[in-house]
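Engineer: Shown below is the structure under consideration.
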Amino acid sequence: DGLTNLDVMSLAVDPRDPNLVFAGTRGGGVFSAHLRFKPKITAISTSGKNLIVAGQNFQAGSKIVMNNEDRKTLTDDQNPNALIGKKLLKQITRGDTVSLQVRNPDGQLSDSVAFTRPSQ
Numbered sequence: 001d002g003l004t005n006l007d008v009m010s011l012a013v014d015p016r017d018p019n020l021v022f023a024g025t026r027g028g029g030v031f032s033a034h035l036r037f038k039p040k041i042t043a044i045s046t047s048g049k050n051l052i053v054a055g056q057n058f059q060a061g062s063k064i065v066m067n068n069e070d071r072k073t074l075t076d077d078q079n080p081n082a083l084i085g086k087k088l089l090k091q092i093t094r095g096d097t098v099s100l101q102v103r104n105p106d107g108q109l110s111d112s113v114a115f116t117r118p119s120q
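FYI, in the numbering used here the residues of the sequence shown are 1 to 120.
Structure, rendered in structure tokens:
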């Protein structure tokens, strides 16, 4: 709020939190905004008994949501935009389809993606 009719002269991003931006104005002071981006699932794969959900805008502490229920989730150490549903594949019967989403700690929820466990 308050940026109406002010010239923004510079923008800065907090190096510790890339979603926190600052706008320096001419004569109006400095304004800050914490941007919130909706998580997006781009790929789903399996590894052993685990389900791996990859995407964009995942925050530390994000959870995999299966059929509207948060599930035990680990962050992939190799990829911060990949989540591991520990032993989640065991909870899906072969050939069944479930609804998967990602919920960030700030409450942002991804769109639902249907996942069908292969029959083989």
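A virtual CB, placed ideally from N, CA and C, is assigned to each residue, including glycine.
Once the 5 residues before and after Met9 are set aside, which same chain residues still bring their CB inside 8 Å of it?
Structural biologist: Gly24, Thr25 and Arg26, listed in sequence order.
Engineer: Among residues of its own chain, excluding the 5 on either side of Leu20, which ones have a beta-carbon nearer than 6 Å to its beta-carbon?
Structural biologist: So the list reads Asp14 and His34, once near-sequence residues are dropped.
Engineer: Just mark Phe115 as buried or exposed, buried being the case when its beta carbon has 16 or more other beta carbons within 10 Å.
Structural biologist: When all chains shown are included, Phe115 counts as buried.
Engineer: Buried or exposed for Lys63, please, with buried defined as at least 16 other CB atoms from any protein chain shown within 10 angstroms of its CB.
Structural biologist: Lys63 is buried by the Cβ-count criterion.
Engineer: Could you check the C-alpha separation between Pro105 and Arg36 for me, to the nearest Å?
Structural biologist: For Pro105 and Arg36, the distance between alpha carbons rounds to 11 Å.
Engineer: Compute the Euclidean distance between the alpha carbons of Phe58 and Ser110, then round it to the nearest angstrom.
Structural biologist: The straight-line gap from Cα to Cα measures roughly 9 Å.
Engineer: Using CA coordinates, which residue listed in Leu11, Asp17, Gln101 and Ile84 is at the minimum distance from Glu69?
Structural biologist: For Glu69, the nearest C-alpha among the options comes from Gln101.
Engineer: Cutting at 6 Å between CB atoms, please list the residues of its own chain near Ile44, excluding the five before and the five after it.
Structural biologist: So the qualifying residues of the chain are Val53 and Phe115.
Engineer: Please specify which runs of the beta strand (DSSP E), each continuous and at least 3 residues long, are wholly inside the stretch 34-97, giving them in chain order.
Structural biologist: As far as the stretch 34-97 is concerned, its whole beta strand (DSSP E) runs of at least 3 residues are 40-47, 50-56, 63-66, 69-71, 73-76 and 79-85.
Engineer: Please report the residue range of the beta strand (DSSP E) in which Pro118 lies.
Structural biologist: First-last for Pro118: undefined, no H or E at that position.
Engineer: Return the CA-CA distance between Gly28 and Leu6, expressed in angstroms with no decimal places.
Structural biologist: Distance between the alpha carbons of Gly28 and Leu6: 7 Å.
Engineer: Taking C-alpha atoms, which residue in Arg16, Thr42 and Leu11 lies nearest to Val30?
Structural biologist: Val30 has its Cα closest to that of Leu11, out of Arg16, Thr42 and Leu11.
Engineer: Classify Ser112 as helix, strand or coil using the three-state DSSP reduction.
Structural biologist: Note: Ser112 maps to coil in three-state DSSP.
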